[in-house]
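So the sequence lines, in the order shown, correspond to chains Z and V. Per the working numbering, the very first residue in the first sequence carries number 1; after that it's consecutive. Per the working numbering, the very first residue in the second sequence carries number 220; after that it's consecutive.
There are 2 protein chains.
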Amino acid sequence: MRYGVLGTGMVGRTLGSRLVELGNQVTMGGRQAGGDDAVEWARAAGEGAREGTFADAAAFGEVVIVAVAGSHAVSALRMAGAENLRGKVVVDVSNPIAEGTGFPPQLAVCNTDSVGEQLQREFPEARVVKSMNTVNCAVMVDPSLVPGAHTVFVGGDDAEAKQVVASMLHGFGWPAASVFDLGGIETARGTEMYLALWLRLMRAVGTPHLNVALHVGAR
Amino acid sequence: MRYGVLGTGMVGRTLGSRLVELGNQVTMGGRQAGGDDAVEWARAAGEGAREGTFADAAAFGEVVIVAVAGSHAVSALRMAGAENLRGKVVVDVSNPIAEGTGFPPQLAVCNTDSVGEQLQREFPEARVVKSMNTVNCAVMVDPSLVPGAHTVFVGGDDAEAKQVVASMLHGFGWPAASVFDLGGIETARGTEMYLALWLRLMRAVGTPHLNVALHVGAR
């Protein structure tokens, strides 16, 4: 599979490296091509890894992963270009952390909207799936860092796109029973607002290697 | 133990009934004394159950439980009277659901503040503990409705008050290992914003008998 990863930070590099390890081809995109982090990443990740602009990465990918800060997600996708996103699965793993609000940070958007919805509204021909934003990037690609069975969410308006993301998750080591379909892209509001709890959990337990498992009683 | 339960709705009645069953004395308070729900509750709950105003309930309780809608919590405590709350453990189980926002509802306060913090700010001599607002009231008093070990949170600035709440939780059937101390009252922002996810989980699974279990990896 060909992936475009938008974002050259820790999240993008972690996802990109794992996808290359699993035999995929990955182009990582930044605001400009040739950034130090992206170049170093492409060299270290080896065969199958390339870097370029947001547009290069989006054009390359059959699946496009949004791994920039949530408050920059819309602008990154604008730079990637609607024509490079049309019909594609766009996996939004971002959270809208507001800059300059200390720790724990506040959210730049919440309650009445979400990054996932912003992306789907602005790029109606993309098939946006919100996923993995409730776990640290190391856990995204290696759920065994957290003991036991625990849950990762998918939300989006396109059932087939969610299946594509579920397959990617299985490749990362998430069992089928751990992938929970919340519903439409509107559910991104729920998983993004959970960041407020996640940040406080991280501070309390002293590691980002944490997650929650969904338990459901009788209906 | 003597409890004052503020709120005559489903949450207050469920908590009140279980506390009476466990041998405690409970006065349930409403905006006015003698409301149909409260009177009927007191009759059905039997020995140890009484009803009255918010002020009656707060004056009676050694522990005061805030079981009104979150957006009415401050006004309920004002009616209860600061003098009836001074030095007491005030357990806030509420969520700030905004009225008239459809389903899933929005929050009336979030991101930069929380009901838990509002209460602690307005009543600095009360010892506010946010707890149980991440589960349905039936699960609050009977965690076995959800299979396996799962987590309930406490947050507050007074360690002793959190111990009192933990003891109440143990009485309801929550094992010590399931009670997670998030930190200060500011963490109420995290558990209240989790409502956005909880509501969508409830819709997806089709029952309010759900919860999450915290799993933590190596530090």
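For glycine and all other residues, C-beta sits at the position ideal for the given N, C-alpha and C. The structure displayed is predicted, hence computed values, not measured ones.
If I measure Cβ to Cβ from residue i and keep anything under 6 Å in the same chain, skipping five residues before and after, which residues do I get?
| i | result |
| --- | --- |
| residue 54 of chain Z | 6, 29, 76, 79 and 80 |
| residue 3 of chain Z | 19, 24, 26, 61 and 63 |
| residue 266 of chain V | none |
| residue 187 of chain Z | 155 |
| residue 328 of chain V | 315 |
| residue 257 of chain V | 227, 247, 249 and 270 |
| residue 22 of chain Z | 171 |
| residue 290 of chain V | 315 and 327 |
| residue 166 of chain Z | 179 |
Looking only at its own chain, which residues have a Cβ that is under 8 Å from the Cβ of residue i, when we skip the five neighbours before and after it?
| i | result |
| --- | --- |
| residue 103 of chain Z | 199 and 203 |
| residue 368 of chain V | 394, 396, 397 and 432 |
| residue 14 of chain Z | 137, 138, 140 and 141 |
Could you tell me the alpha carbon to alpha carbon distance between residue i and residue j, rounded to whole angstroms?
| i | j | result |
| --- | --- | --- |
| residue 383 of chain V | residue 308 of chain V | 8 Å |
| residue 192 of chain Z | residue 132 of chain Z | 10 Å |
| residue 126 of chain Z | residue 155 of chain Z | 14 Å |
| residue 284 of chain V | residue 292 of chain V | 11 Å |
| residue 317 of chain V | residue 255 of chain V | 25 Å |
| residue 206 of chain Z | residue 276 of chain V | 40 Å |
| residue 105 of chain Z | residue 82 of chain Z | 31 Å |
| residue 241 of chain Z | residue 92 of chain Z | Because chain Z spans 1 through 219 in this model, residue 241 of chain Z falls outside it and cannot be assessed. |
| residue 230 of chain V | residue 354 of chain V | 11 Å |
| residue 306 of chain V | residue 347 of chain V | 10 Å |
| residue 391 of chain V | residue 361 of chain V | 6 Å |
| residue 371 of chain V | residue 336 of chain V | 19 Å |
| residue 262 of chain V | residue 286 of chain V | 20 Å |
| residue 304 of chain V | residue 358 of chain V | 27 Å |
| residue 436 of chain V | residue 264 of chain V | 44 Å |
| residue 169 of chain Z | residue 112 of chain Z | 28 Å |
| residue 40 of chain Z | residue 34 of chain Z | 9 Å |
What is the residue span of the alpha helix (DSSP H) that residue i lies within?
| i | result |
| --- | --- |
| residue 170 of chain Z | 159-172 |
| residue 290 of chain V | Counting along the chain, residue 290 of chain V falls outside any alpha helix (DSSP H), and DSSP gives it neither H nor E. |
| residue 432 of chain V | That residue, residue 432 of chain V, is in no alpha helix (DSSP H); its beta strand (DSSP E) goes 429-435. |
| residue 266 of chain V | That residue, residue 266 of chain V, is in no alpha helix (DSSP H); it is neither H nor E in DSSP. |
| residue 410 of chain V | 407-412 |
| residue 18 of chain Z | 10-21 |
Which two residues bound the contiguous beta strand (DSSP E) that contains residue i?
| i | result |
| --- | --- |
| residue 277 of chain V | No beta strand (DSSP E) holds residue 277 of chain V; the alpha helix (DSSP H) holding it covers 273-279. |
| residue 30 of chain Z | 25-30 |
| residue 183 of chain Z | 179-183 |
| residue 225 of chain V | 221-225 |
| residue 308 of chain V | 308-311 |
| residue 97 of chain Z | First-last for residue 97 of chain Z: undefined, no H or E at that position. |
Any beta-carbon of chain Z closer than 7 Å to the one on residue i?
| i | result |
| --- | --- |
| residue 356 of chain V | no |
| residue 429 of chain V | yes |
| residue 289 of chain V | no |
| residue 424 of chain V | yes |
| residue 325 of chain V | yes |
| residue 226 of chain V | no |
| residue 238 of chain V | no |
| residue 438 of chain V | yes |
| residue 299 of chain V | no |
Step through the CB atoms of chain V and report whether any lies within less than 7 Å of the CB of residue i.
| i | result |
| --- | --- |
| residue 25 of chain Z | no |
| residue 147 of chain Z | yes |
| residue 194 of chain Z | yes |
| residue 170 of chain Z | no |
| residue 111 of chain Z | yes |
| residue 216 of chain Z | yes |
| residue 163 of chain Z | no |
| residue 183 of chain Z | yes |
| residue 14 of chain Z | no |
| residue 53 of chain Z | no |
| residue 61 of chain Z | no |
| residue 226 of chain Z | Since the first residue of chain Z shown is 1 and the last is 219, residue 226 of chain Z is not available in this structure. |
| residue 100 of chain Z | no |
Leaving out five residues before and five after residue i in sequence, what residues of the same chain have Cβ atoms less than 7 Å from its Cβ?
| i | result |
| --- | --- |
| residue 333 of chain V | 407, 408 and 411 |
| residue 404 of chain V | 335, 336, 339, 347, 349, 374, 375 and 376 |
| residue 146 of chain Z | 139, 209, 210 and 211 |
| residue 59 of chain Z | 84 |
| residue 400 of chain V | 373 and 381 |
| residue 32 of chain Z | 53 |
Can you list, in chain order, the stretches of the alpha helix (DSSP H) that have 4 or more residues and sit fully within the region 325-379 of chain V?
334-341 and 356-360
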